[in-house]
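Residue numbers (the working numbering), protein chains in the order written: chain G, 1 to 272; chain U, 273 to 544.
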């Protein structure tokens, strides 16, 4: 796709259009230019985006691809008359679903009507606060309220995964580092003992761990490859002995790690 | 949609399928049961999900809706033979794009091939670490590296927005509380002065602020409605005087706030 521009046009944030559009574009070679145009919620703004799309078409000599999540039929009409290749992500699926459900869709704009009245949204914010307060073993208070407790050596990916679980899924995710003192005592941190069933381990390839730690503290004992090897081996041994499920974060994104954790220890959160 | 079950079946995390499917289902009244089935990447697993879908169809007497993001044609075939109403989110758009681009898609499974080799992913993780280290004015170090600095009174939504900007967009977002001492001195915190151009303000309705603060510290001066009114008025006055753009977080989700911030002060991050 040389010189191709892709637009993501939405009456909301356009995040859904862009995320989904990207996973489709990933099926093709090359990297097109991205333009996200959020909050297109008046006819004026729709016409303005169309002008931009048409200019791009002229400039690049090839029609831009336009991923569209617009609810209003009039605005949809305006965009469809542009010189772009319009992929209407909403109506493509809404029409067959209207037939299936035997009801008309309500053409409501935006996913988040009024977040201050949404329990689900309030739970997400509360989970973020919980995860922040319980990052890196900062607090053993209220651990009984945690949905998940991540354990692993320093820099194995616990913090970003905890925050992602909270932000995306409203999961109260605490995390606890496994440190050399724990390996010497040869047992899990005391405060975790009553909560072993909701512990999940992250491990990481020692070579990758050493790289990551070296960025933080170059040439330290902490980042030393032999030391990383020893810590990782001891952590894995401890998790195996304690019967804690774990996975390697080395080649996995936080999205993949979080989904695996939910599937394995909170399957209820994938069915609701 | 009474008693209707919706499946989100994917060879990856299924997060894209579920997010997008939800925004479509939000156009209809009622709330169906959700089942996400991630990592369906073998024919065996595909058959297993089909059995589950067929059981649901029988049990509920109505066919489940199945949002599908599967790349492999054989697995796709297995799912399409189920008793569900299959909405094939990938191929619906991939086929017209293959025609448009004049190339075949590569049928690559998963959005995140190997994150340890992806600069974009590394940048996201680095941004999360930056935002955590610069939460709540903790550190004025390296503020020149920040892409955005959020300011506002305590509990106006700065922390979740900063983390979201980092996690979703790889934006290094610091945040600084505006506190009564700043209002007394009648100026922005000193360390922000050189970085005013990248500051963005969050404000909030005093009634909502008082509610949120009351959950933290019930019946405190901090949560008192009159006090919240005064702090919010002073913060808005200061931002107006300093020429800092701001918006109210009262009825907005972190997704909406983050997108507005990017549009207004980092439009380059919506075009890349």
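Just so you know, even glycine gets a beta-carbon here, dropped at the ideal spot from N, CA and C. On a predicted model such as this, the values are computed, not experimentally measured, just so you know.
Cβ neighbour criterion (16 or more within 10 Å) applied to residue i
{"i": "residue 383 (chain U)", "result": "Confidence at residue 383 (chain U) is low in this model, with a pLDDT of 48, below 50, so the placement of that residue should be treated as unreliable; the coordinate-derived value is given next. Per the 10 Å Cβ criterion, buried."}
{"i": "residue 103 (chain G)", "result": "exposed"}
{"i": "residue 267 (chain G)", "result": "exposed"}
{"i": "residue 146 (chain G)", "result": "buried"}
{"i": "residue 30 (chain G)", "result": "exposed"}
{"i": "residue 493 (chain U)", "result": "exposed"}
{"i": "residue 172 (chain G)", "result": "buried"}
{"i": "residue 543 (chain U)", "result": "exposed"}
{"i": "residue 119 (chain G)", "result": "exposed"}
{"i": "residue 464 (chain U)", "result": "buried"}
{"i": "residue 223 (chain G)", "result": "buried"}
{"i": "residue 449 (chain U)", "result": "buried"}
{"i": "residue 353 (chain U)", "result": "exposed"}
CA nearest to the CA of residue i, picked from the options
{"i": "residue 240 (chain G)", "options": "G:267, G:272, G:223, G:203", "result": "G:203"}
{"i": "residue 136 (chain G)", "options": "G:27, G:163, G:120, G:22", "result": "G:163"}
{"i": "residue 523 (chain U)", "options": "G:86, G:122, G:222, G:35", "result": "G:122"}
{"i": "residue 225 (chain G)", "options": "G:207, G:236, G:215", "result": "G:207"}
{"i": "residue 296 (chain U)", "options": "G:94, G:29, G:223", "result": "G:94"}
{"i": "residue 469 (chain U)", "options": "U:280, U:536, U:292, U:432", "result": "U:536"}
{"i": "residue 413 (chain U)", "options": "U:466, U:347, U:433", "result": "U:466"}
{"i": "residue 183 (chain G)", "options": "G:236, G:199, G:56, G:219", "result": "G:236"}
{"i": "residue 242 (chain G)", "options": "G:271, G:219, G:255, G:189", "result": "G:189"}
{"i": "residue 128 (chain G)", "options": "U:400, U:401, U:411, U:432", "result": "U:432"}
{"i": "residue 43 (chain G)", "options": "G:18, G:157, G:70, G:57", "result": "G:70"}
{"i": "residue 53 (chain G)", "options": "G:248, G:86, G:216, G:39", "result": "G:86"}
{"i": "residue 75 (chain G)", "options": "G:57, G:48, G:64", "result": "G:48"}
{"i": "residue 286 (chain U)", "options": "U:362, U:311, U:378", "result": "U:311"}
{"i": "residue 477 (chain U)", "options": "U:506, U:368, U:490, U:280", "result": "U:506"}
{"i": "residue 260 (chain U)", "options": "U:371, U:378, U:280, U:275", "result": "No information on residue 260 (chain U) is available, as it lies outside the stretch 273 to 544 that chain U covers here."}
{"i": "residue 66 (chain G)", "options": "U:521, U:292, U:369, U:487", "result": "U:369"}
Boundaries (first-last residue) of the alpha helix (DSSP H) holding residue i
{"i": "residue 129 (chain G)", "result": "119–133"}
{"i": "residue 510 (chain U)", "result": "497–514"}
{"i": "residue 296 (chain U)", "result": "287–297"}
{"i": "residue 46 (chain G)", "result": "43–60"}
{"i": "residue 537 (chain U)", "result": "526–537"}
{"i": "residue 210 (chain G)", "result": "206–216"}
{"i": "residue 77 (chain G)", "result": "73–80"}
{"i": "residue 166 (chain G)", "result": "158–169"}
Partners in chain U for residue i, counting only beta-carbon separations shorter than 7 Å
{"i": "residue 202 (chain G)", "result": "By Cβ distance, chain U contributes nothing, its closest Cβ being about 13 Å from residue 202 (chain G), past 7 Å."}
{"i": "residue 36 (chain G)", "result": "542"}
Contact belief for residue i with residue j at Cβ below 8 Å, rounded distance in angstroms
{"i": "residue 72 (chain G)", "j": "residue 11 (chain G)", "result": "7 Å"}
{"i": "residue 334 (chain U)", "j": "residue 304 (chain U)", "result": "Rounded, the Cβ-Cβ distance is 10 Å, inconsistent with contact."}
{"i": "residue 50 (chain G)", "j": "residue 153 (chain G)", "result": "Between residue 153 (chain G) and residue 50 (chain G) the Cβ distance is about 53 Å, and since that is not below 8 Å, they are no contact."}
{"i": "residue 530 (chain U)", "j": "residue 437 (chain U)", "result": "5 Å"}
{"i": "residue 516 (chain U)", "j": "residue 471 (chain U)", "result": "5 Å"}
{"i": "residue 150 (chain G)", "j": "residue 175 (chain G)", "result": "4 Å"}
{"i": "residue 28 (chain G)", "j": "residue 373 (chain U)", "result": "6 Å"}
Contacts of residue i in chain G (Cβ-Cβ under 7 Å)
{"i": "residue 365 (chain U)", "result": "24, 87"}
{"i": "residue 490 (chain U)", "result": "Those do not exist, as residue 490 (chain U) stays about 16 Å from chain G at its closest Cβ, beyond 7 Å."}
{"i": "residue 331 (chain U)", "result": "None at all; the shortest Cβ gap to chain G is about 14 Å."}
Closer than 8 Å at the beta carbon, the chain G residues around residue i
{"i": "residue 448 (chain U)", "result": "Residues of chain G passing the Cβ test: none, with the nearest at roughly 16 Å."}
{"i": "residue 535 (chain U)", "result": "38, 39"}
Beta-carbon neighbours of residue i, restricted to chain U and to distances below 9 Å
{"i": "residue 151 (chain G)", "result": "None at all; the shortest Cβ gap to chain U is about 19 Å."}
{"i": "residue 75 (chain G)", "result": "Chain U residues near residue 75 (chain G): none, gap ~15 Å exceeds 9 Å."}
{"i": "residue 236 (chain G)", "result": "Correct list: empty, because the minimum Cβ distance to chain U is about 19 Å."}
{"i": "residue 189 (chain G)", "result": "Those do not exist, as residue 189 (chain G) stays about 21 Å from chain U at its closest Cβ, beyond 9 Å."}
{"i": "residue 206 (chain G)", "result": "Those within 9 Å of residue 206 (chain G) in chain U number zero; the least Cβ separation is about 13 Å."}
Extent of the continuous beta strand (DSSP E) run through residue i
{"i": "residue 85 (chain G)", "result": "85–88"}
{"i": "residue 180 (chain G)", "result": "Residue 180 (chain G) -> not in any beta strand (DSSP E); alpha helix (DSSP H) instead, spanning 180–185."}
{"i": "residue 34 (chain G)", "result": "33–37"}
{"i": "residue 277 (chain U)", "result": "277–282"}
Chain-ordered chain U contacts of residue i [CB-CB under 8 Å]
{"i": "residue 29 (chain G)", "result": "375, 378"}
{"i": "residue 69 (chain G)", "result": "295"}
{"i": "residue 20 (chain G)", "result": "288, 291, 292, 361"}
{"i": "residue 164 (chain G)", "result": "439"}
Check: residue i C-beta below 6 Å from any heavy atom of the ligand ATP
{"i": "residue 544 (chain U)", "result": "By its list of ligands, the structure shown contains no ligand whatsoever, and the ligand ATP lies outside what it can speak to."}
Contact list for residue i against chain G, beta-carbon separation under 9 Å
{"i": "residue 362 (chain U)", "result": "23, 24, 27"}
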